[in-house]
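For the sequence shown, the residue numbers in this note's numbering are 124 to 253. All residues carry an ideal CB built from backbone N, CA and C; glycine is no exception. I have placed the structure first, in the form of structure tokens, so that the comments after it can refer back to it.
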Amino acid sequence: KILVLATSKPTVFARQILEHFEIARYFEEELVVGSYLDGRRAVKAEVIRTALLLLGGDGENTVMVGDRKFDILGAKANAIDSIGVTFGYGEQDEIELAGPTQMAHSVEELGELLVGNRPNIFSKWMGVRR
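Have a look at this one:
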């Protein structure tokens, strides 16, 4: 499995946040994809598209995890599955209205969806290594 950060924040700040929370080691530097300081590539769909291109362009084995409607809508614009999480910045109604493929209400529930400890629609890409 490959972990990618796709954010509308400027890439330089996203990397600083990863360092601050001591999780940068889980991300290859080139797979932290965000906007530019001048505002280019700030639309989430474009950020996700860039991340997909870095991964070879195939979204079949990809899922976007997001806490805002922009994450879910960006995933839809790129024809990839999404998990809306209710433990971030967005409100549950906002995320549900965006129509994620699945919902997770806790980190534990998200983990179950991602690693396959619970039957779900993502079983098609469980265990796939790119």
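Quick check: what's the CA-CA separation for residue i versus residue j?
{"i": "E219", "j": "A168", "result": "18 Å"}
{"i": "I171", "j": "E142", "result": "22 Å"}
{"i": "L128", "j": "A221", "result": "20 Å"}
{"i": "V238", "j": "F136", "result": "29 Å"}
{"i": "K132", "j": "I140", "result": "10 Å"}
{"i": "A202", "j": "T130", "result": "17 Å"}
{"i": "E235", "j": "D194", "result": "20 Å"}
{"i": "V208", "j": "E232", "result": "9 Å"}
{"i": "E217", "j": "D204", "result": "17 Å"}
{"i": "T224", "j": "A174", "result": "19 Å"}
{"i": "I206", "j": "T134", "result": "22 Å"}
{"i": "R252", "j": "A198", "result": "Here the model assigns R252 a pLDDT of 37, short of 50, so the residue's position is not dependable and the matter cannot be decided."}
With residue i as the anchor, note down where its beta strand (DSSP E) starts and where it stops.
{"i": "L128", "result": "128 to 133"}
{"i": "G157", "result": "155 to 158"}
Return the bridge partner residues of residue i from the DSSP annotation.
{"i": "S205", "result": "M187"}
{"i": "A227", "result": "V208"}
Could you give the DSSP three-state label for residue i: helix, strand or coil?
{"i": "A165", "result": "coil"}
{"i": "G197", "result": "helix"}
{"i": "G234", "result": "helix"}
{"i": "G250", "result": "Low confidence applies here, because G250 scores a pLDDT of 46, under 50, leaving its location unreliable; read the following figure in that light. Looking at G250 - three-state DSSP - the assignment turns out to be coil, as it is neither helix nor strand."}
{"i": "G239", "result": "coil"}
{"i": "K192", "result": "helix"}
{"i": "L177", "result": "helix"}
{"i": "E312", "result": "Since the displayed the chain opens at 124 and closes at 253, residue 312 lies outside it and no answer follows."}
Along the alpha helix (DSSP H) that carries residue i, what are the first and last residues, could you check?
{"i": "A221", "result": "215 to 221"}
Q: Would you check if the stretch 141 to 160 and the stretch 185 to 192 touch, i.e. whether three or more CB-CB distances between them fall below 8 Å?
A: no
Q | At least three beta-carbon pairs within less than 8 Å, the stretch 140 to 154 to the stretch 207 to 222 | A | no
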